[in-house]
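Each step along the sequence shown adds one to the number in my numbering, with nothing skipped, and position 203 is 245.
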Amino acid sequence: MTRAIFAANWKLNHGPAAAGALVREVLARFQPRADREQIFFPPALSLGAVVEALAGRRDAAAGVQHVYWEPKGAFTGEISAPLAAEAGATWALVGHSERRHKFGETDEETGRKVRAVLAAGLAPMLCVGELLEERRAGRTEEVVLRQLTGGLAGLDAAATARVVVAYEPVWAIGTGVNATPADAAAVHRTIRRWLADHTPPGSRARILYGGSVSPENAAALLAEEELDGVLVGGASLKAESWLRIIETARPGR
Ligand code: 13P
Numbered sequence: 043m044t045r046a047i048f049a050a051n052w053k054l055n056h057g058p059a060a061a062g063a064l065v066r067e068v069l070a071r072f073q074p075r076a077d078r079e080q081i082f083f084p085p086a087l088s089l090g091a092v093v094e095a096l097a098g099r100r101d102a103a104a105g106v107q108h109v110y111w112e113p114k115g116a117f118t119g120e121i122s123a124p125l126a127a128e129a130g131a132t133w134a135l136v137g138h139s140e141r142r143h144k145f146g147e148t149d150e151e152t153g154r155k156v157r158a159v160l161a162a163g164l165a166p167m168l169c170v171g172e173l174l175e176e177r178r179a180g181r182t183e184e185v186v187l188r189q190l191t192g193g194l195a196g197l198d199a200a201a202t203a204r205v206v207v208a209y210e211p212v213w214a215i216g217t218g219v220n221a222t223p224a225d226a227a228a229v230h231r232t233i234r235r236w237l238a239d240h241t242p243p244g245s246r247a248r249i250l251y252g253g254s255v256s257p258e259n260a261a262a263l264l265a266e267e268e269l270d271g272v273l274v275g276g277a278s279l280k281a282e283s284w285l286r287i288i289e290t291a292r293p294g295r
């Protein structure tokens, strides 16, 4: 069985004390289930507290929201994939829309970061998604495929198969306006076709949806066969709403 992924991107929220407390509360109130896993992406300064709070739970993991592609050196302020791994991360987000649109990260840079993340033995979660004007102009597919091509450049098929893709339409992030399950699934199919051409025969990519996922819409989104999980921002910041999301039933699976 492929486990559904429930990923929490806390962005720049929760210092070490709040992060550790939140993970401890969530894990105390949620018993491990074979059909799902949780990944917490705290701010890097709170990673240690989250790793400690995981206390070896096999259904939960931690990651960083961003890495620089160089492993070490004179890059003041940056963090690297090997350091994240040493600190207990097993995942790294790459190419989140806030990195792309607020910090000017390019497709080529996301590619370097994915390769660095894989080289450090971490699992990359590559985020892709179109702006509202790109969707309105009918360019969603073109934009998403360009981001995939750049983000997964230089990888062989086996390495590509280790990447989880998160489709996050920029217009849905933090707006309260989620993509409809059908619209999300349509873009997932496009991503899945591209990945099928670039991964070993028989491998099934895991593709998540993100953008205003909430306790109210999680069931309808996760009812779509195409969605292998969700990447959640705002609704992952509090135990109550996060627990309601990770408890979402997925009938038939
Ligand atoms: P929201 O769930 O707050 O819309 O954020 C989505 C997101 O950017 C997760 O990476």
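We put the CB at the ideal spot given by N, CA and C, even for glycine.
Remember, it's a predicted structure, so these values are computed and weren't measured experimentally.
- Taking Leu69 as the centre and dropping the five residues before and after it, the same chain places the C-beta of Arg99 closer than 6 Å to its C-beta, in chain order.
- The three-state secondary structure of Ser122, taken from DSSP, is strand.
- Set against 7 Å, the gap from the CB of Ala116 to the closest heavy atom of ligand 1 is not smaller.
- If you draw a straight line from the Cα of Asp270 to the Cα of Ala277, it comes to about 18 Å.
- In this structure, ligand 1 has a non-hydrogen atom nearer than 7 Å to the beta-carbon of Ile215.
- Rounded to the nearest angstrom, the Cβ distance from Val156 to Leu168 is 6 Å, consistent with a contact under 8 Å.
- By the neighbour-count definition (other C-beta atoms within 10 Å, threshold 16), Phe145 is an exposed residue.
- Contact check for Gly153 against Glu210 fails: the beta carbons are separated by 8 Å or more.
- Contact between Val206 and Ala165 holds: their C-beta atoms lie close to 7 Å from each other, under 8 Å.
- The alpha carbon of His56 has as its nearest neighbour, out of Leu279, Gly244, Ala50, Val229, the alpha carbon of Leu279.
- Taking the Cβ of Leu269 as the reference point, every heavy atom of ligand 1 lies at 7 Å or farther away.
- If you look at Ala134, you'll find it in the beta strand (DSSP E) that goes 133-136.
- Setting aside the 5 residues that flank it on each side, Ala131 is surrounded in the same chain by Leu89, Ala104, Gly105, Val106, Leu164, each with a C-beta closer than 7 Å to its C-beta; the list follows chain order.
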